[in-house]
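Asks: Read in this note's numbering, the sequence shown has 15 at position 24, and its numbers run on one by one without any break.
We put the CB at the ideal spot given by N, CA and C, even for glycine.
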Amino acid sequence: MKQIENIFSKTKTLSSTIPCPNPKTPIIIDTRERQSLITANLIEQKANIQHELLQIGDYLINDTIIERKTFPDFIGSMLDKRLHKQLLEIKKYSKHFLILENFHYNYNQFNVHENAIRGMLLSITTDYQVPIIYTKNEKDTARFLILTAKRYEKQKSQNAIRQIKTQQTSKLQKQFILEGFPGIGPTLAKNLLKEFKSLNNIFNATEKQLEKIFDKNKVVKFTSLLKSKT
-8 MKQIENIFSK TKTLSSTIPC PNPKTPIIID TRERQSLITA NLIEQKANIQ
42 HELLQIGDYL INDTIIERKT FPDFIGSMLD KRLHKQLLEI KKYSKHFLIL
92 ENFHYNYNQF NVHENAIRGM LLSITTDYQV PIIYTKNEKD TARFLILTAK
142 RYEKQKSQNA IRQIKTQQTS KLQKQFILEG FPGIGPTLAK NLLKEFKSLN
192 NIFNATEKQL EKIFDKNKVV KFTSLLKSKT
């Protein structure tokens, strides 16, 4: 078998002997990350990847959205307030995390007080409740992405609706609308549609009828929101 040179490595490898680590679950990469070293490392490791223009996050794996920051970008986005918006956006997915790559513990090399950085890290995990994964470099980040994809290879996961502005089927559009209400995730939205068949029936259901699907506190909040919109 003819050997081909791996353009991302100085060593040569047999491309056909390296199995795809995630054949069933693609790692979807935002098109703006196409030329990144993460993509290069994923290609090198024969990962199943796809490129799409993502409205939210940098990587999407099944129903998990991932925002990636190098440490300088983390500092920059903290200062110009982009980070706040990005954290709120990825929380639209039930599963999400932030990758902080090449984290520097030498805070003094940045023109930001070290306690401001520590405070932001605390806020991400406690206030925003977004998990942080620290990676060494681009190669380490790529391995985390592959490992995330491989977790779905052995299990059937219930997908939430993609949080992107595309045309959906009638059923998915209804689910999308329901998921816009606080406290209603994909499972609850599907259960409501299964029980009441249509949005009109759901919105006109009594509190007692809704209590068949979710608890009384959520019913009160849900009906209050409906009333405020009418």
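Are the Cβ atoms of residue 164 and residue 181 separated by less than 8 Å?
Replies: No, the pair does not count as a contact, with Cβ atoms beyond the cut-off.
Asks: Could you tell me if residue 206 is buried or exposed, where buried requires 16 or more neighbouring beta carbons within 10 angstroms of its beta carbon?
Replies: With fewer than 16 Cβ atoms within 10 Å of its Cβ, residue 206 is classed as exposed.
Asks: For residue 98, does the three-state DSSP call read helix, strand or coil?
Replies: The answer is helix: DSSP assigns residue 98 an H, G or I state.
Asks: Could you check how far apart the C-beta atoms of residue 179 and residue 119 are, in whole angstroms? I think they sit under 8 Å.
Replies: No, residue 179 and residue 119 are not in contact; Cβ-Cβ is about 22 Å, not under 8 Å.
Asks: If the criterion is Cβ atoms closer than 8 Å, does the pair residue 140 and residue 52 meet it?
Replies: Cβ atoms of residue 140 and residue 52: closer than 8 Å.
Asks: Comparing alpha-carbon positions, which option in 124, 138, 213, 212 lies nearest residue 15?
Replies: Closest by alpha carbon: 138.
Asks: If residue 101 sits next to residue 57, beta carbons under 8 Å apart, how far is it from one beta carbon to the other, in whole angstroms?
Replies: At roughly 24 Å, the Cβ-Cβ gap does not stay under 8 Å, so residue 101 and residue 57 are not in contact.
Asks: For residue 25 and residue 130, what's the separation of their Cα atoms in angstroms?
Replies: Taking the straight line joining both Cα atoms gives about 15 Å.
Asks: Could you have a look at residue 44 and say whether DSSP puts it in helix, strand or coil?
Replies: In this structure, residue 44 counts as coil in the three-state DSSP scheme.
Asks: Are the Cβ atoms of residue 61 and residue 92 separated by less than 8 Å?
Replies: Cβ atoms of residue 61 and residue 92: closer than 8 Å.
Asks: Under three-state DSSP, which class holds residue 57?
Replies: Three-state result, residue 57: strand.
Asks: Figure out for me which residue from 69, 84, 174 has the closest Cα to the Cα of residue 108.
Replies: Of the candidates 69, 84, 174, the one whose C-alpha sits nearest the C-alpha of residue 108 is 69.
Asks: Determine whether the beta carbon atoms of residue 33 and residue 190 lie at a separation below 8 Å.
Replies: No, Cβ-Cβ distance for residue 33 and residue 190 is not below 8 Å.
Asks: Here's the rule I'm using: 16 or more other beta-carbon atoms within 10 Å means buried, otherwise exposed. How should residue 44 be labelled?
Replies: By the neighbour-count rule (16 or more Cβ atoms within 10 Å), residue 44 is not buried but exposed.
Asks: From 112, 95, 36, 175, pick the residue whose C-alpha is nearest to that of residue 9; which is it?
Replies: Here the closest residue by C-alpha is 36.
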